[in-house]
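For my numbering, count along the sequence shown from 1 and bump the result up by 878.
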Amino acid sequence: MKATGIVRRIDDLGRVVIPKEIRRTLRIKEGTPLEIFTDREGEVILKKYSPIGELSIFAKEYAEALAQTTGLVACITDHDQVVAAAGQGSKEYSGKGISRGMEEVISAREGKCLNANERGKIPVTEEQREVSFAQVIQPIICAGDAIGAVILMGKSEKDVFGIPEKMLVQTAAGFLGRQMEQ
């Protein structure tokens, strides 16, 4: 654990303020769920809660099934990082933080289907240099909240996405959202 040198007092209602610079760095916004842990030494640890993280094994298997069926790269994200990735070249995505653009797509709750010749493609991760040739993105909605996304990406100019790919990703996102509600 890394010390920040910042000290805050608890107010009369038991609240403590997380400093703005830490919230910005960790992308903690108003309404972001935090999980609280304690240990035997009296430490209190706050961790961003990821409902999809609880289904990480299931998400990985689903991403692998999508990639194997389509021959494309499939990613499943929560609102912070790529939880599961499968397909040729997927290692560059797995476990990485998602881009601001991807956060915006998830927050907007609208799917996107973009082909090689179309503008507006969104980097999946912060580090991604080359945006894939084609991509389909569908936010995962659980109990009315946008909690992540299912992404299918092309690997060449030959990959052209249409209604079947869009429906496949919508089905995956709908299924994962329902699994989270149970």
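Ideal placement from N, C-alpha and C gives every residue a C-beta, glycine not left out.
* **Contact under 8 Å by Cβ, Ala1051 with Val1028** => Cβ atoms of Ala1051 and Val1028: closer than 8 Å.
* To do: Take the Cβ of Gly1032 as the centre, count every other Cβ of all protein chains shown within 10 Å, and call the residue buried at 16 or more, exposed below.
  => The C-beta of Gly1032 has 16 or more other C-beta atoms within 10 Å across all chains shown, which makes the residue buried.
* **Where Thr903 falls, given that 16 or more other Cβ within 10 Å makes a residue buried** => Thr903 comes out exposed.
* To do: Evaluate contact between the segment 998-1017 and the segment 983-990, counting only Cβ atoms and requiring at least three cross-stretch pairs below 8 Å.
  => Touching, per the Cβ criterion.
* **Where the alpha helix (DSSP H) through Ile884 begins and ends** => Counting along the chain, no alpha helix (DSSP H) covers Ile884, and no H or E run does either.
* Determine the extent of the beta strand (DSSP E) in which Gln966 is found, giving its start and end residues. => Gln966 -> no beta strand (DSSP E), and no H or E assigned at all.
* Asked: Under a three-way DSSP split, which group does Ile900 fall into?
  -> Correct three-state label for Ile900: helix.
* To do: Name the residue from Phe1039, Glu908, Tyr971, Ile1025 whose alpha carbon lies nearest to the alpha carbon of Glu1008.
  => Looking at the Cα atoms, Tyr971 is the closest of the given residues.
* In the DSSP assignment, find the beta strand (DSSP E) that holds Phe915 and state where it starts and stops. => Run containing Phe915: 912-916, per the beta strand (DSSP E) assignment.
* State whether the segment 942-952 contacts the segment 960-970, with contact taken as three or more CB pairs (one from each stretch) at a distance under 8 Å. => As far as the Cβ criterion goes, the segment 942-952 touches the segment 960-970, which means the pair count is three or higher.
* Once you ignore the five residues that flank Ser934 on each side, which residues in its own chain have a CB closer than 6 Å to its CB? -> Same-chain partners within the cutoff: Val961.
* In the DSSP assignment, what residue or residues form a beta bridge with Gln1048? -> For Gln1048, which the question treats as bridged, DSSP gives no partner whatsoever.
* To do: Output the distance between the C-alpha atoms of Tyr940 and Leu1046, rounded to the nearest integer angstrom.
  => When rounded, the distance between both Cα atoms is 12 Å.
* Take the Cβ of Ala952 as the centre, count every other Cβ of all protein chains shown within 10 Å, and call the residue buried at 16 or more, exposed below. => With 16 or more other Cβ atoms within 10 Å, it is buried.
* **Local conformation of Lys938 per DSSP, three classes** => Lys938 sits in a helix when the DSSP states are folded into three classes.
* **Endpoints, the beta strand (DSSP E) within which Ala986 is located** => For Ala986, there is no enclosing beta strand (DSSP E); the residue is part of the alpha helix (DSSP H) that begins and ends at 978-986.
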